[in-house]
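Presented below is the structure to which this report refers.
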Amino acid sequence: MRCPVSDEDPWETRPEENDPTDERDVWLPPSRPASRSTRATSSRSNLPFRRRRGFWFGIVCLVAALVFAPEAWLAGGSKPASATLQPVPAEALQGIEGQVIAAQSSQGVTGQVVGIAGLCLAGSKGGGLNGTPAILSTCTGTEDQQQWTLLANKEVVLDGRCLGVNPKSSRAVSLVGLYTCGKTASEMWKVQDKHTIRSVSSGLCLGSWKNKDTNGSLVGVTECQPSAKAQIWTVPSYAADPSGLAMPLGNIPGWRQVFMDNFNENVPLGKFPAAVSSKWGDYLDGWPDTTHHGTYEPTRVVSIHNGRMNLFLHTVDGIHMVAAPYPRIPGAPGADGGLLYGMYEVRFTAQQVKGYKTAWLLWPDSENQRDGEIDFPEGDLQKNILAFLHHGNSDPKLQDSFATPYTYANWHTATTIWTADAVIFMLDGKVIGESTDKAIIPHKPMHWVLQTETRTGGGPPSDTATANVKIDWVSVWLPHKN
Numbered sequence: 045m046r047c048p049v050s051d052e053d054p055w056e057t058r059p060e061e062n063d064p065t066d067e068r069d070v071w072l073p074p075s076r077p078a079s080r081s082t083r084a085t086s087s088r089s090n091l092p093f094r095r096r097r098g099f100w101f102g103i104v105c106l107v108a109a110l111v112f113a114p115e116a117w118l119a120g121g122s123k124p125a126s127a128t129l130q131p132v133p134a135e136a137l138q139g140i141e142g143q144v145i146a147a148q149s150s151q152g153v154t155g156q157v158v159g160i161a162g163l164c165l166a167g168s169k170g171g172g173l174n175g176t177p178a179i180l181s182t183c184t185g186t187e188d189q190q191q192w193t194l195l196a197n198k199e200v201v202l203d204g205r206c207l208g209v210n211p212k213s214s215r216a217v218s219l220v221g222l223y224t225c226g227k228t229a230s231e232m233w234k235v236q237d238k239h240t241i242r243s244v245s246s247g248l249c250l251g252s253w254k255n256k257d258t259n260g261s262l263v264g265v266t267e268c269q270p271s272a273k274a275q276i277w278t279v280p281s282y283a284a285d286p287s288g289l290a291m292p293l294g295n296i297p298g299w300r301q302v303f304m305d306n307f308n309e310n311v312p313l314g315k316f317p318a319a320v321s322s323k324w325g326d327y328l329d330g331w332p333d334t335t336h337h338g339t340y341e342p343t344r345v346v347s348i349h350n351g352r353m354n355l356f357l358h359t360v361d362g363i364h365m366v367a368a369p370y371p372r373i374p375g376a377p378g379a380d381g382g383l384l385y386g387m388y389e390v391r392f393t394a395q396q397v398k399g400y401k402t403a404w405l406l407w408p409d410s411e412n413q414r415d416g417e418i419d420f421p422e423g424d425l426q427k428n429i430l431a432f433l434h435h436g437n438s439d440p441k442l443q444d445s446f447a448t449p450y451t452y453a454n455w456h457t458a459t460t461i462w463t464a465d466a467v468i469f470m471l472d473g474k475v476i477g478e479s480t481d482k483a484i485i486p487h488k489p490m491h492w493v494l495q496t497e498t499r500t501g502g503g504p505p506s507d508t509a510t511a512n513v514k515i516d517w518v519s520v521w522l523p524h525k526n
């Protein structure tokens, strides 16, 4: 049973200190820029939609939930309204969640690894057998056997196989080769600041075998010698990720990457989104946010520097300034730049300051609230991270909600997976909730907006409250048509 919200004033019923993990989304359609005629009049002023349940109304809902929830759970019905992070079971690895978890291995950087005499680390012909030797080879820009991916989990991968030493002699001086990836120490490497590559299992350094510098020379691990040319490598590089986790690159099984931004181009305050207009837009300066307590002012809020986008939420002359950047996805077929289904991932953190919130959402291109809405991460910055699915083809006040025990204080990766069969929310690679009722899943194009605004419960922020919301990277995938 899902209870609609009532008509009570949201500003008076809930002191924020008493509600650390509110699992209800006080619903209103998102603010839209005034530049489009369909957005000239905003339904944001329709505040009763955001009103809270009364005391007795809440008691009725609570009793109903206690009566019906166990029965629904036993019958294998919809997911509970809140969930903590749980390890994904092995059987899920065959599904969408498993594909995404497996894709964590793609969070790295790909390119040639260049060693002594300008030769490239390469795979040799071995028919895919475990232990096929790695060699040094003349560098060629198009040679697949020279395209290594250095992963966040310390694996070095070539064509789906991992560079490693023989597990039976993982602590000894030995040749290296390619093995089936098993996330073992014998396949883990650490790139040192001075361009040496050290084996995690032995502490020995990767280098040409017997210091040879000719095409076809074998590669092994030996005692580290900082001055040895045979152990000096130039590896693929990228700007250091502020969050400590690299942006995922490339397609994954069942999905193709259609947008990504690691924020390598600096944009000062006052230049966003104009300086990166081919990739980003934002609600126009002066447009009110959901509660009308805040005003979208992207030119005074959004900047990009040091590899991250920063939203500086603050107040000037009584105006609480917020922003809602959105990616411009190439070839998006939706009338408002949206997609039909997709996987959306963002790496983020924020200062825990009262008065502001995120409502990063997928909103229908139709602008029709009955076509559904997907919100993640959503929540007041000083509270816990939440997720919501507002039902499509239904009353938008009906929703599935999921709570987490995690706050905005630390870096997190939020993944929203939207298909014809399910909406799945993942935080840091673990499922926190899913909805699989096709009748309530949105089935019309929606666009992604990182809507950051004043909170919708507890009143406006103080004039002295300031917060920085930091985004390390964003990425979008579309499901393969097959």
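Numbers 45 to 526, taken from my numbering, label the letters of the sequence shown in order.
Cβ atoms here follow ideal geometry from the backbone N, Cα and C, with glycine treated the same way.
Quick caveat: nothing in here was measured; it's all calculated off a predicted structure.
Taking the C-beta atoms as reference points, W324 is found nearer than 8 Å to R372. Pairing S181 with G251 gives a Cβ-Cβ distance that is not under 8 Å. Measuring C-alpha to C-alpha distances from S438 to each of W404, L405, Y452, I485 identifies I485 as the nearest.
Burial check for Q396: the Cβ neighbour count within 10 Å stays below 16, so the residue is exposed.
Of all alpha-carbon atoms in H435, E422, H336, T184, the one lying nearest the alpha-carbon of N412 is that of H435. A direct Cα-to-Cα measurement between P421 and I515 gives close to 12 Å. Residue environment analysis places K427 among the buried positions, since at least 16 neighbouring C-beta atoms fall within 10 angstroms of its C-beta. Between L383 and L522, the gap from beta carbon to beta carbon is short of 8 Å. Judged by beta-carbon spacing, M304 lies within the 8 Å limit of V518, meaning their Cβ atoms are closer than that value. Nearest to L222 by C-alpha distance, out of M232, T240, L202, is L202.
By the CB criterion at 8 Å, Q190 and C225 fall outside the cutoff. In terms of Cα proximity to Q301, the closest of Y385, N255, K169 is Y385. Under the three-state reduction of DSSP, W517 is assigned to strand. Remark: C-beta atoms of F316 and P332 do not approach each other more closely than 8 Å.
In this model, H487 and A466 are separated by some 11 Å (Cα to Cα). With fewer than 16 neighbouring CB atoms inside 10 Å of its own CB, A483 falls in the exposed class. In the three-state reduction of the DSSP assignment, N255 falls in the helix class, which pools H, G and I. The alpha helix (DSSP H) runs lying completely inside the stretch 204 to 290 and spanning 4 residues or more number zero. In the structure shown, P421 adopts extended strand secondary structure according to DSSP, grouped into three states. Assignment of I484 by DSSP, reduced to helix, strand and coil, places it in the coil class.
Burial check for T457: the Cβ neighbour count within 10 Å reaches 16 or more, so the residue is buried.
Non-local beta-carbon contacts of W455 in its own chain, meaning distances under 6 Å to residues more than five positions away in sequence, involve S287, T393 in chain order. Taking every protein chain shown into account, the CB of V520 has 16 or more other CB atoms within 10 angstroms, so this residue is buried. Between V220 and G208 the beta-carbon gap is near 7 Å, inside 8 Å, which marks them as a contact. According to the DSSP assignment, R344 belongs to the alpha helix (DSSP H) that extends over 342 to 345. Comparing alpha carbon positions, the residue from N255, L195, M470, V265 closest to M291 is L195. Around the beta carbon of G204, a 10 Å sphere encloses fewer than 16 other beta carbons of the protein chains shown; the residue is thus reported as exposed. Y450 is positioned such that its CB atom lies closer than 8 Å to that of I429.
Put simply, the stretch 238 to 257 touches the stretch 268 to 280. At least three CB pairs are less than 8 Å apart. Under the three-state reduction of DSSP, I160 is assigned to helix. Apart from sequence neighbours up to five positions away, the residues of its chain that approach V265 with a beta-carbon distance below 7 Å are V209, V217, S218, V220, S243, S246, L248, C249, L250, ordered along the chain.
For G503, the closest of Y452, K398, A453 by C-alpha to C-alpha distance is K398. Beta-bridge pairing by DSSP links D444 to L433. For V200, the closest alpha carbon among the candidates T339, Q495, S230 is that of S230.
With distances taken between CA atoms, C206 lies nearest to W192 out of A161, S214, W192, L262. Here DSSP, grouped into helix, strand and coil, assigns A458 to strand.
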